[in-house]
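Residue numbers (the UniProt record's numbering), protein chains in the order written: chain A, 1 to 375; chain B, 1 to 375.
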């Protein structure tokens, strides 16, 4: 049983200019904080979330036993990111569907639900929104910004957009941009959602339906890319779901892996917003700090002054260790202080969320080091 | 310009018992032959096809310039499988949608279109149907059976079901069974088709519609798995489709890879049968000769007496070289005559269909060796 977490909300009346040229006003961000900001305001840690997560990073909600935050194994009292020492902040990103303003909310300019008209947001936009929220919390400089996968992209972007406001960046299982295969998987998932007749051009809320077929397919594809070949073979292999005999059916579930994927798809389609899925996968596609530098990542990262810890996982084929090493190389080209660990773990991309003694020990040791700077 | 190929058809009134326990009667197989059967009837080569291909292996149809067979680079006069020396046979498998009896045909038992009621067919069933066709052509023993991917599974199965009828088996870019990840991708594709409202439980023909949304998604997923990461990055990378500026849209095409995948999906949905897609992916899932031997592939392959050539491609992550090596090991455990080549090619699984000098040279040399046996 973890500690009790309480979501909070801040409203921002002032318009936030977005990278696309559009802007958004009258938005609300949901967030949580754990631990206490010290007198010097020097122990704040921002945790950035990936596609499917939220501001509920750690702890449980009162009266809800099984409501652990998505990184509860990593963050909390006595945990690798120790909330007895750090003031940890989780923020639900704009456009998400867990409390911050998103496609299911009303556009103040039209009085209509945004739906597909919610403006496209980028990693850079999220970071700007997070910075405004930190202003309101009185946090001028972060001891660290920490994130995995898409969260790692936000951590990296923090060091480029607000170099003076970040002392350490911990970038786990991430990449300097998506490659063609990553974009391809996102695009198939988006097409599954957009071509679902229940999507209604992104305005399905008015029709009282949800494009669940598309969301299920999107999630099933996602799950395949989160797991390694090895762990899939170990967990499911060619096991049949029932008994020893084949059913010889094209539509019934025959193998355990089919059952697992259908379950994950069904569950996801019950709670995730289809427009949010489109927005967040697009933010992933667009992230590419080297783009403005003709593809030269070393030049792009020259602005970063933070100290870095990069972590990758050997069997992660979504954001392979090679992608983390590109970031490491670009930082070293700029003579930055960077540590890098490639954890030999069987779980694929999902490993960044799981318990692994070496991984936990590594993050723990790194945050010990950070804590010594202000202790 | 290649030679002229002419499809032929044979009707089989006698029921074919299927592995599922069902049977099928009054079926027709479409096939093509190239070259001439020699007097000793010793130069026949059967070419087995994969998911999306057919009996039209090589040559072009009269008056249709761009109608080259799917392995026209490999098979024909003077090509690696030289039709001046070999009598090459291509057969469209039962349940496919290119001329042989399949789901869009009428079930003689009910007078209704089969649709989703077409019986589930397996690799073993296809091989039995192929063997019957060879009987009718007067071919008792094959000089070689040759196939890539699912076609390679059929070649392997020939050596187990009819060991006396195969002298050589050439198994390219294949596997002794699907792993969990392979089944997972098949299952997502099937769910996309089956949950398309236009699928109508597999009886969409009566409704005058085609589940194109599902077929498009299935094909897009397939294409991602056919290509290597490397070749995707080299061909598409993060190239934008139009100009240099981002559109900031979740639904418009932004990257070239998106355009490529959508095009492939659209094209496929125009000609491929949805029920056939389900049947053929299921045949892939079910293939597992080791299953009856408690998973022991060496025991399973003890029956095979043919000589083998196995070929894999370094960047094929669908059926990786490791999977071919499992077959090689199992054959060596039985002291069989087996050659194995791992071709260092960038194209992923698709490499088995493409020109590569070493690959073509290897197949050419192997078939030269076979030809010497009857020359």
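For every residue, glycine included, the Cβ atom is placed at its ideal position computed from N, Cα and C.
For residue 79(A), the number of other beta carbons within 10 angstroms of its own is at least 16, and it is reported as buried. A Cβ-Cβ contact shorter than 9 Å links residue 226(B) with residue 348(B). No Cβ of chain A is located within less than 9 Å of the beta carbon of residue 314(B).
For chain A, the residues of the segment 223–248 of chain B that bring a beta carbon within less than 7 Å of one of its beta carbons are 224, 229, 232, 233, 236, 237, 238, 246, 248, in chain order. Contact annotation: in the segment 344–372 of chain B, no residue has its CB less than 9 Å from a CB in chain A. A distance below 7 Å between beta-carbons, with the five flanking residues on each side excluded, links residue 203(A) to the following residues of its chain, in chain order: 115, 116. In this structure, the straight-line span from the alpha carbon of residue 84(B) to that of residue 45(B) is close to 12 Å. Segment contact: the segment 233–240 of chain B against the segment 168–184 of chain A, three or more CB-CB distances shorter than 8 Å; contact assigned. Burial state of residue 23(B) is exposed, judged by a 10 Å Cβ sphere holding fewer than 16 other Cβ atoms. With respect to residue 167(A), residue 131(A) sits apart: the two C-beta atoms are not nearer than 9 Å. By the CB criterion at 9 Å, residue 7(B) and residue 99(B) fall inside the cutoff. Counting along the chain, residue 33(B) sits inside the beta strand (DSSP E) bounded by residues 27–34. Excluding residues up to 5 positions away in sequence, 175, 176 lie with their Cβ nearer than 7 Å to the Cβ of residue 323(B) in the same chain.
Among the bridge pairs identified by DSSP, residue 146(A) is matched with 47(A), 170(A). Taking 9 Å as the threshold, the shortest C-beta distance from residue 185(A) to chain B falls below it. Interface annotation, residue 23(A): not in contact with chain B, CB-CB separation never under 9 Å. Judged by DSSP secondary structure, residue 340(A) falls within the beta strand (DSSP E) whose first and last residues are 338–343.
When Cβ-Cβ separations below 9 Å define contact, residue 327(B) makes no contact with chain A. At a cut-off of 9 Å, the C-beta of residue 20(B) has a neighbouring C-beta in chain A. Cβ-Cβ distances below 6 Å link residue 125(B) to 18, 19 in the same chain, with the five nearest sequence neighbours on each side left out; the list follows chain order.
At a cut-off of 9 Å between beta carbons, residue 217(B) contacts chain A.
Scanning chain B for C-beta atoms nearer than 9 Å to the C-beta of residue 153(A) yields nothing, as the closest lies near 14 Å away.
Secondary-structure assignment with DSSP links residue 23(B) through a beta bridge to 17(B). Approximately 7 Å separates the beta-carbon atoms of residue 56(B) and residue 90(B); this is inside 8 Å, confirming the contact.
Collapsing the DSSP output to three states places residue 294(A) in coil. Rounded to the nearest angstrom, the gap between the Cα atoms of residue 312(A) and residue 237(A) is 25 Å. With distances taken between CA atoms, residue 264(A) lies nearest to 223(A) out of 223(A), 338(A), 241(A).
If the five residues before and after residue 316(A) are omitted, its C-beta is found closer than 6 Å to the C-beta atoms of 173, 348, 349, all from its own chain and listed in chain order. Interface criterion not met: the Cβ of residue 50(A) is under 9 Å from no Cβ in chain B. For residue 188(B), the secondary structure class from DSSP, reduced to helix, strand or coil, is helix.
Scanning its chain for C-beta atoms nearer than 7 Å, with the 5 sequence neighbours on each side dropped, one finds around residue 266(A) the residues 216, in chain order. In this structure, residue 336(B) lies near residue 301(B), with their beta-carbon atoms less than 9 Å apart. The alpha-carbon separation between residue 120(A) and residue 109(A) amounts to approximately 16 Å.
Only exposed fits residue 64(A), as fewer than 16 other CB atoms lie within 10 angstroms of its CB. With a cut-off of 8 Å on Cβ pairs, the segment 195–215 of chain A is not in contact with the segment 286–297 of chain A, counting fewer than three such pairs. Secondary structure of residue 11(B) (DSSP, three-state): strand.
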